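Student: Numbering that gives the first Met the number 0 applies: residue 0 is where the sequence shown begins, and numbers increase by one. Every residue, glycine too, gets a C-beta built ideally from N, C-alpha and C. Here the structure is a predicted model, which means the values were calculated and not measured. Dropping a structure here in structure tokens format, bear with me for questions.
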Amino acid sequence: MCLCLVDTYEVCGLSLNRPASQRSVYTSDDGFKHKATLANDGYHDLMTCAMTNTGPNQWWMVDFGAYLTLTNVTLTSGAHVGKISR
0 MCLCLVDTYE VCGLSLNRPA SQRSVYTSDD GFKHKATLAN DGYHDLMTCA MTNTGPNQWW
60 MVDFGAYLTL TNVTLTSGAH VGKISR
């Protein structure tokens, strides 16, 4: 799974720089670790996206610091072809 930008539209930037985690961390051939916080750091650079290793049940999450009811969350993949809204 590759996520370059994660945001919620209830409040602009709600996920920006909040604590994030993911099931696994992919390491590029050059040694760069694609950690979870790269998905919500505000940068749109395709080279510095959050990425997990391949395999079943990969996940990514963000801690908003409170219980919230969200009506729309947009996840955008690194290639911007796997955009999912729920």
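Return the CA-CA distance between Met0 and Asn16, expressed in angstroms with no decimal places.
Tutor: Taking the first residue of the sequence shown as position 1, residue 0 is located at position 1. Taking the first residue of the sequence shown as position 1, residue 16 is located at position 17. Roughly 20 angstroms between the two C-alpha positions.
Student: With DSSP run on the structure shown, which of helix, strand or coil describes Thr36?
Tutor: As a working note, residue 36 is residue 37 in the sequence shown. Helix at Thr36.
Student: Using C-beta distances below 6 angstroms, list every residue in its chain close to Ala19, excluding the 5 sequence neighbours before and after it, in chain order.
Tutor: Here residue 19 corresponds to residue number 20 of the sequence shown, with the count starting at 1. Excluding positions up to five away in sequence, the list reads Ala35, Thr36, Asn39, Val61.
Student: Applying the criterion that 16 or more other CB atoms from any shown protein chain within 10 Å of the CB defines a buried residue, is Trp58 buried or exposed?
Tutor: On the sequence shown, position 59 is the one that residue 58 refers to. Classification for Trp58: exposed.
Student: DSSP on Arg85, reduced to helix/strand/coil?
Tutor: Walking along the sequence shown from the start, residue 85 turns up at place 86. Because Arg85 sits at a pLDDT of 35, beneath the cut-off of 50, its placement in the model cannot be relied upon, and the following sentence gives the value as read from the coordinates. Coil.
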